[in-house]
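Inspection log for the structure reproduced underneath, given as structure tokens.
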Amino acid sequence: MHYVRFTSPEEKAKYAAALQELTGELPVPEQKRPASGAKQAGPEIVSRVHAKNLVKWAAGKPKVLVLSADLTSSTEIDLFRDTYPDRFLSMGIAEQNMLSWASGLAREGFLPFVHTFAVFIYRRAFDQIAMSVSYPNLPVRMIGFLPGITTPGGATHQAIEDVAIMRALPNMTVLECGDATDVESVLNVMEKINGPVYVRMLRGEIPRLFKDPMVFGRARVLSEGDDLTVLSSGIMTEEAMRAVLVLRKRGLSIQHMHISTLKPFNDRTVMNAIARSTYGVITMENHTIVGGLGSIVAEQMAEAGMDRKLVRIGLRDVYAHGASKNYLMKKYHMDAMALISEVEGLVGKKFGISEDELKEVFIAAVHSTAKAEAL
0 MHYVRFTSPE
10 EKAKYAAALQ
20 ELTGELPVPE
30 QKRPASGAKQ
40 AGPEIVSRVH
50 AKNLVKWAAG
60 KPKVLVLSAD
70 LTSSTEIDLF
80 RDTYPDRFLS
90 MGIAEQNMLS
100 WASGLAREGF
110 LPFVHTFAVF
120 IYRRAFDQIA
130 MSVSYPNLPV
140 RMIGFLPGIT
150 TPGGATHQAI
160 EDVAIMRALP
170 NMTVLECGDA
180 TDVESVLNVM
190 EKINGPVYVR
200 MLRGEIPRLF
210 KDPMVFGRAR
220 VLSEGDDLTV
230 LSSGIMTEEA
240 MRAVLVLRKR
250 GLSIQHMHIS
260 TLKPFNDRTV
270 MNAIARSTYG
280 VITMENHTIV
290 GGLGSIVAEQ
300 MAEAGMDRKL
310 VRIGLRDVYA
320 HGASKNYLMK
330 KYHMDAMALI
340 SEVEGLVGKK
350 FGISEDELKE
360 VFIAAVHSTA
370 KAEAL
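This is how it looks when you write it as structure tokens:
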């Protein structure tokens, strides 16, 4: 992660004014880390999780190779490059070539891990993925960073339709990480999958929301209830957790489940929870609502003949602006307040929950404005 650094107070003031004009919000000041032994508000924040985990996991696995498309430090594989230089391949800004190489390496018995920003995987190299990786069902691991609106890079860098595209490919498995524990355990999950895998990966400073490792094909149950079901994935789970906590204090019985396996999607506990829900189900995804988690759930509900109301929270047929994650989530009705509003609509009741009340359960932003990625 690259930090915004200022050489003078004047430069900082100019940056703040420009940012406010663009997004309507001021930069979030860098938060000081608590002193050793001091109590830390919110969840544990872990830095460069994938960088450290990949090096540790790949030890003793000589068949594991890592490929980079000129985004080595930006995708946290610089530590792998320095630790295992003979197992690292720098392919340059040539994603199509990189995927073709990966398919050839997989045919020769290697286990290639392709790293780049998510948009550059499926937008630039889709034909190579479909014909050279997915069709022959080769064990190529595609690690896509900056999913959805986690980047201020705008439409060119925001992967908002990747789940819809990648899950349409036969043989493809699609996973998404939502916290540091997901990132730490996703490599073990992929190790047991024979075919190609696409992962929506997080980078930089990531909250630890879960204690137990990711389990393939299983949703995490974060709270139980029968009034309604909330299904969230990726960074949306952190927002949903804030809203659900406040709503439960208002007396609502909510089943909240975190989804990390987007394809295949066959966890019966999810469908059973929806069937029990009095008011219906709400999905939250860092993705367009076309073809993502909401569509997946709608397909399953239709096939099962479920008569329940479904509300989908996500990008609604729009390309997002280039701005901070918090600003974009609010603008596009994807934050905790959005979930509260949709819950009120489902149950037909106003709960009088304010932004200030949500701030009391605020979990420190992972991708703050002051730590926006330099692209």
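Take the sequence shown: its position 219, counted from the start at 1, is 218 in numbering that gives the first Met the number 0, and no numbers get skipped.
Cβ atoms here follow ideal geometry from the backbone N, Cα and C, with glycine treated the same way.
Note that the structure is predicted; figures quoted are calculated from it, not measured.
Check, Outcome
"Please list the terminal residues of the continuous beta strand (DSSP E) segment that includes residue 232.", "227–232"
"Measure the C-alpha to C-alpha separation of residue 304 and residue 268 and round it to an integer number of angstroms.", "16 angstroms"
"Using a Cβ-Cβ cutoff of less than 8 angstroms, which residues in the same chain neighbour residue 225 once the five nearest sequence positions on both sides are dropped?", "252, 254, 275, 276 and 277"
"Decide yes or no for the touch test of the segment 220–237 against the segment 182–189: beta carbon pairs closer than 8 angstroms, at least 3 of them.", "no"
"Between residue 46 and residue 82, what straight-line distance do the alpha-carbon atoms span, to the nearest angstrom?", "18 angstroms"
"Going by DSSP, which residues form a beta bridge with residue 222?", "255"
"Take the Cβ of residue 324 as the centre, count every other Cβ of all protein chains shown within 10 Å, and call the residue buried at 16 or more, exposed below.", "buried"
"Closer than 8 angstroms is the cut-off here; do at least three beta carbon pairs connect the segment 88–95 with the segment 237–248?", "no"
"Out of 114, 125 and 100, state which residue places its alpha-carbon closest to the alpha-carbon of residue 108.", "100"
"Have a look at 331, 256, 202 and 115 and flag the residue whose alpha-carbon is nearest the alpha-carbon of residue 384.", "Residue numbering for the chain in the displayed model covers 0 to 374; residue 384 lies beyond these limits and cannot be assessed."
"Could you check the C-alpha separation between residue 311 and residue 61 for me, to the nearest Å?", "43 angstroms"
"By the DSSP assignment, the beta strand (DSSP E) with residue 311 in it spans what residues?", "309–314"
"Any idea if residue 249 is buried or exposed, counting beta-carbon neighbours within 10 angstroms, 16 or more meaning buried?", "exposed"
"Name, in chain order, the residues that DSSP records as bridge partners for residue 84.", "In DSSP, residue 84 forms no bridge with anything."
"Tell me the rounded alpha-carbon separation between residue 130 and residue 94.", "15 angstroms"
"Whose C-beta lies closer than 8 angstroms to the C-beta of residue 106 among residues of the same chain, with five residues either side of it excluded?", "135 and 137"
"What are the boundary residues of the alpha helix (DSSP H) that includes residue 49?", "48–57"
"Is the distance from the Cβ of residue 117 to the Cβ of residue 153 below 8 angstroms?", "no"
"Quick check: what's the CA-CA separation for residue 97 versus residue 308?", "44 angstroms"
"Name the one or two DSSP bridge partners that residue 326 has.", "None; residue 326 has no bridge partner."
"Any idea if residue 52 is buried or exposed, counting beta-carbon neighbours within 10 angstroms, 16 or more meaning buried?", "buried"
"Would a C-beta distance cut-off of 8 angstroms place residue 133 and residue 84 closer than the cut-off?", "no"
"For the alpha helix (DSSP H) holding residue 264, just list the boundary residues, first then last.", "Careful: residue 264 lies outside any alpha helix (DSSP H) and carries neither H nor E."
"Could you spell out where the alpha helix (DSSP H) holding residue 94 opens and where it closes?", "94–106"
"Determine the closest residue to residue 302 out of 316, 285, 265 and 283, with distance taken between C-alpha atoms.", "265"
"Using the rule of at least 16 other Cβ atoms within 10 Å of the residue's Cβ for burial, across every protein chain shown, is residue 212 buried or exposed?", "exposed"
"Give the straight-line distance between the Cα atoms of residue 280 and residue 231, rounded to the nearest whole angstrom.", "11 angstroms"
"Tell me whether residue 23 is buried or exposed, calling it buried when 16 or more other Cβ atoms sit within 10 Å of its Cβ.", "Here residue 23 scores only 44 on pLDDT, less than 50, and its place in the model should not be relied on; the value that follows carries that caveat. Under this definition residue 23 is an exposed residue."
"I'd like the span of the beta strand (DSSP E) that includes residue 172, first residue to last.", "172–175"
"How far does the alpha helix (DSSP H) with residue 236 in it reach, from first residue to last?", "235–248"
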